[in-house]
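Trainee:
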Amino acid sequence: MSTAHDPHHDEMLYQAWVQVIEWMKQYASEKGVLFTKESDFPDFIYRMERPYEVPTTMMAVSLSDERGEPFFFASVSPRHAKLKHVAFRVPGGHIHHHAHWEDGKGLALEGKIPLTREKLYQMADRARSALAK
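Position 90 of the sequence shown, counted from 1, bears residue number 1475 in this note's numbering, the numbering being contiguous throughout.
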């Protein structure tokens, strides 16, 4: 898992986060739903005197249905967090997953299941079908 004192883990987590964003954009394009940037990193907004070193400004993103109703949120921990992860949530539900960077596995959901494009699509499909009910 990522630690505050391991820049390699942090770098790999944020690179994986960029991949998650791309997969969510692809999902939106393929499924005809909306991809939205929900928020930027505070470090980017308030960077003041230190350089911005994360590979994207996006800290939280979502997928929304045709009506604009969000059904799947993803976010990543800010740089100052001690135990960094990517979080996936379904609004109005109790479904949430955390993925941590694991050497040799990449992003792993709950530390066990590798996060692949297919797994992300399954999670988004499940969230979308839950919203439709």
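From the three backbone atoms N, C-alpha and C, an ideal C-beta is built for every residue, glycine too.
What residues in its chain sit with their C-beta under 7 Å from that of residue 1509, if we drop five residues either side in the sequence?
Mentor: Taking the first residue of the sequence shown as 1, we reach residue 1509 at position 124. Counting only Cβ-Cβ distances below 7 Å, and skipping sequence neighbours, we find 1412, 1448, 1457.
Trainee: Please state the DSSP three-state secondary structure of residue 1388.
Mentor: Locating residue 1388 in the sequence shown gives position 3, where the first residue counts as 1. Summary for residue 1388: the model assigns pLDDT 42, below 50, so the residue's position carries little reliability; its value from the coordinates is reported in the next sentence. Correct three-state label for residue 1388: coil.
Trainee: Going by DSSP, what residues sit across from residue 1501 in a beta bridge?
Mentor: In the sequence shown, the residue the question calls residue 1501 occupies position 116. According to DSSP, residue 1501 bridges with nothing at all.
Trainee: From which residue to which residue does the beta strand (DSSP E) around residue 1460 run?
Mentor: Looking up residue 1460 in the sequence shown gives position 75. First-last of the beta strand (DSSP E) with residue 1460: 1455-1461.
Trainee: Quick check on this structure: which residue in 1472, 1419, 1477 has the alpha carbon closest to the alpha carbon of residue 1451?
Mentor: As a working mapping, residue 1451 is identified with position 66 in the sequence shown. It is 1419 whose Cα lies nearest to the Cα of residue 1451.
Trainee: Applying the criterion that 16 or more other CB atoms from any shown protein chain within 10 Å of the CB defines a buried residue, is residue 1499 buried or exposed?
Mentor: One-based indexing of the sequence shown puts residue 1499 at position 114. Exposed: under 16 other Cβ atoms inside 10 Å.
Trainee: Using only the alpha-carbon positions, how far apart do residue 1394 and residue 1463 sit?
Mentor: Here residue 1394 refers to the residue found at position 9 of the sequence shown. Here residue 1463 refers to the residue found at position 78 of the sequence shown. Rounded to the nearest angstrom, the two C-alpha atoms are 13 Å apart.
Trainee: Could you check where the beta strand (DSSP E) with residue 1494 kicks off and where it finishes?
Mentor: In the sequence shown, counting from the first residue as 1, residue 1494 sits at position 109. Start and end: 1491-1494.
Trainee: Buried or exposed: residue 1466, going by 16 or more other Cβ atoms within 10 Å of its Cβ?
Mentor: Here residue 1466 refers to the residue found at position 81 of the sequence shown. By the neighbour-count rule (16 or more Cβ atoms within 10 Å), residue 1466 is not buried but exposed.
Trainee: What residue range does the beta strand (DSSP E) around residue 1487 cover?
Mentor: Along the sequence shown, read from residue 1 onward, the residue named residue 1487 stands at position 102. Where residue 1487 is concerned, the enclosing beta strand (DSSP E) stretches over 1481-1487.
Trainee: Mind checking residue 1468: buried by the 16 CB within 10 Å criterion, or exposed?
Mentor: For the purposes of this step, residue 1468 is taken as residue 83 along the sequence shown, with counting starting at 1. Within a 10 Å sphere around the beta-carbon of residue 1468 sit fewer than 16 other beta-carbons, which makes this residue exposed.
Trainee: With residue 1405 and residue 1472 assumed to form a contact (beta carbons below 8 Å), what rounded beta-carbon distance in angstroms separates them?
Mentor: Along the sequence shown, one-based indexing puts residue 1405 at 20. Along the sequence shown, one-based indexing puts residue 1472 at 87. By a beta-carbon distance limit of 8 Å, residue 1405 does not contact residue 1472. Their separation comes to about 11 Å.
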